[in-house]
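Visitor:
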Amino acid sequence: MADAERREPAASIKNSIGMQFMLVPPCEPRTDQNEHTDKGMTCETPISKPFYLGKYPVTQKEWEELMDSDPSCFEGSDRPVECVSLNDVQEFVRRLNSKEGDGKYRLPTEDEWEYACRAGTATRYSFGDADSELDGYAWYYRNSEHGTHPVGQKKPNPWGLYDMHGNVWEWCYDRYYEICENSLADTSSWVAGSISGPVLRGGSWVNYPKKCRSSYRINFHPNYGHYSLGFRLLRSV
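Heads up: the sequence shown begins at 247 in this note's numbering, then just goes up one per residue.
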């Protein structure tokens, strides 16, 4: 009876403040080395369980719903919230978990973020290798007109996630390691003393194509925000 009653998780869900999440399936580690890496990340950590990831970066409307303020430099309820520090984001997560009463929300690790961004691909971007096609999927330096844009206006990746490339950088859970020869899961490849601030992924409206690639990673101080920096959340299944 238990097996008969067990249900597969929904392909998408929405929470009480209207945030939408898409189901990301589990995976096995890749063994191919076809990725055009920027920082030496050539394979993935196994993702043993499915999870939900925000369909869009968190918007100003969603932020204001819980935080009663909006720190963003570019005004617009459907634009991604920005100028938020990691400490600010952690407070948003705390309030959201309290409101929802399930403790299922957090930032994604960078392995989870990159896996979801790639959506089964092994190319520079989720849509292929060509920089010339980026305009259809991302707001970046050449088309952004020097600012963020409302989420969801460009094409999604194969798993229905929008703005994974461009618009705003996205905070991840992990601290940054300068050199990673094989995988973030292989700690023997980490360089001693290279730990820095939390990782940012995805690129932003202010960046050229290279920094919008699936593998590209930088770091930033957790106590500060920036007008090119936002986030999206993971919700456990």
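Glycine included, every Cβ here is placed at the ideal spot set by N, Cα and C.
Between T369 and E328, which are expected to be in contact by the criterion C-beta below 8 Å, what is the C-beta distance as a whole number of angstroms?
Guide: Along the sequence shown, one-based indexing puts residue 369 at 123. Along the sequence shown, one-based indexing puts residue 328 at 82. The pair is not a contact, with the Cβ atoms about 28 Å apart (cut-off 8 Å).
Visitor: Straight-line CA distance for C273 to R364?
Guide: Within the sequence shown, residue 273 is the residue found at index 27, counting from 1. Within the sequence shown, residue 364 is the residue found at index 118, counting from 1. C273 and R364: Cα-Cα distance of roughly 12 Å.
Visitor: So, helix, strand or coil for V335, using DSSP?
Guide: As a working note, residue 335 is residue 89 in the sequence shown. Here V335 sits in helix by DSSP.
Visitor: Taking the straight line between their C-alpha atoms, what separation do you get for Q336 and G322?
Guide: For the purposes of this step, residue 336 is identified with residue 90 of the sequence shown, where counting begins at 1. For the purposes of this step, residue 322 is identified with residue 76 of the sequence shown, where counting begins at 1. The straight-line gap from Cα to Cα measures roughly 22 Å.
Visitor: Is G449 buried or exposed, if buried means 16 or more other CB atoms sit within 10 Å of its CB?
Guide: Position 203 of the sequence shown, counted from the first residue, corresponds to residue 449. The residue is buried, with at least 16 neighbouring Cβ atoms inside 10 Å.
Visitor: How big is the Cα-Cα spacing for P372 and D316?
Guide: Sequence index remark: in the sequence shown, residue 372 carries index 126 (1-based). Sequence index remark: in the sequence shown, residue 316 carries index 70 (1-based). One point to set straight first is that residue 372 is Ser, not Pro, in the sequence displayed. Cα to Cα, S372 sits roughly 31 Å from D316.
Visitor: So, using beta-carbon positions, are Y408 and K400 closer together than 9 Å?
Guide: Position 162 of the sequence shown, counted from the start, is the residue given in the question as residue 408. Position 154 of the sequence shown, counted from the start, is the residue given in the question as residue 400. With respect to the 9 Å criterion, Y408 and K400 are classified as neighbours on the basis of their beta carbons.
Visitor: Using only CA atoms, which one of M313, G366, A362 lies nearest to R340?
Guide: What you label residue 340 is simply residue 94 of the sequence shown in a count that begins at 1. Answer by Cα proximity: M313.
Visitor: Below 9 Å between beta carbons: does that hold for F320 and S482?
Guide: Counting from one through the sequence shown, the residue named residue 320 turns up at place 74. Counting from one through the sequence shown, the residue named residue 482 turns up at place 236. In this structure, the beta-carbon distance from F320 to S482 does not fall below 9 Å.
Visitor: For E308, which of Q266, S294, G398 has the nearest alpha-carbon?
Guide: Position 62 of the sequence shown, counting from 1, holds the residue named residue 308. It is Q266.
Visitor: Going by DSSP in three states, L480 sits in which element: helix, strand or coil?
Guide: Translated into the one-based positions of the sequence shown, residue 480 becomes position 234. DSSP places L480 in strand when its eight states are reduced to three.
Visitor: What whole-angstrom Cβ distance do Y383 and H411 have, given they're in contact under 8 Å?
Guide: Position 137 of the sequence shown holds residue 383. Position 165 of the sequence shown holds residue 411. Contact holds; Cβ gap of about 5 Å.
Visitor: Under 6 Å Cβ to Cβ from D432, same chain only, skipping five residues before and after it: list those, please.
Guide: As a first step, residue 432 must be located in the sequence shown, where it is residue number 186. Below a pLDDT of 50, predicted positions are generally treated as unreliable, and D432, at 49, falls in that range; no measurement from the model is reported.
Visitor: Can you check DSSP and say which residues form a bridge with S258?
Guide: Here residue 258 refers to the residue found at position 12 when the sequence shown is read from its first residue. DSSP, once it has assigned bridges, lists M268 as partnering S258.
Visitor: So is E358 buried or exposed if we call it buried at 16+ other beta carbons inside 10 Å?
Guide: Here the question's residue 358 lines up with position 112 in the sequence shown. Result: buried.
Visitor: May I ask you to report which of helix, strand or coil DSSP gives N343?
Guide: Numbered from its first residue, the sequence shown carries residue 343 at position 97. DSSP places N343 in helix when its eight states are reduced to three.
Visitor: What span of residues does the beta strand (DSSP E) with R253 cover, start to end?
Guide: Numbered from its first residue, the sequence shown carries residue 253 at position 7. R253 -> no beta strand (DSSP E), and no H or E assigned at all.
Visitor: Using three-state DSSP, classify C458 as helix, strand or coil.
Guide: Counted from its first residue, the sequence shown places residue 458 at position 212. Of the three classes helix, strand and coil, the one that applies to C458 here is helix, per DSSP.
Visitor: Taking the Cβ atom as the reference point for each residue, do V414 and P255 lie within a distance shorter than 9 Å?
Guide: Translated into the one-based positions of the sequence shown, residue 414 becomes position 168. Translated into the one-based positions of the sequence shown, residue 255 becomes position 9. No, Cβ-Cβ distance for V414 and P255 is not below 9 Å.
Visitor: With DSSP collapsed to three states, give me the class of Y422.
Guide: As a first step, residue 422 must be located in the sequence shown, where it is residue number 176. Three-state result, Y422: strand.
Visitor: Taking its Cβ as the centre, do 16 or more other Cβ atoms sit within 10 Å of K301, making it buried, or is it exposed?
Guide: On the sequence shown, position 55 is the one that residue 301 refers to. The residue in question, K301, is buried, as its Cβ has 16 or more Cβ neighbours within 10 Å.
Visitor: Expressed to the nearest angstrom, what Euclidean distance is found between the alpha-carbon atoms of Y419 and S378?
Guide: Here residue 419 refers to the residue found at position 173 when the sequence shown is read from its first residue. Here residue 378 refers to the residue found at position 132 when the sequence shown is read from its first residue. Cα to Cα, the separation comes out at about 31 Å.
Visitor: Considering only C-alpha positions, which residue in the set V330, L342, P271 is nearest to G264?
Guide: Here residue 264 refers to the residue found at position 18 when the sequence shown is read from its first residue. Residue L342 is the option with its Cα nearest to G264.
Visitor: In three-state DSSP terms, what is R364?
Guide: As a working mapping, residue 364 is identified with position 118 in the sequence shown. Helix.
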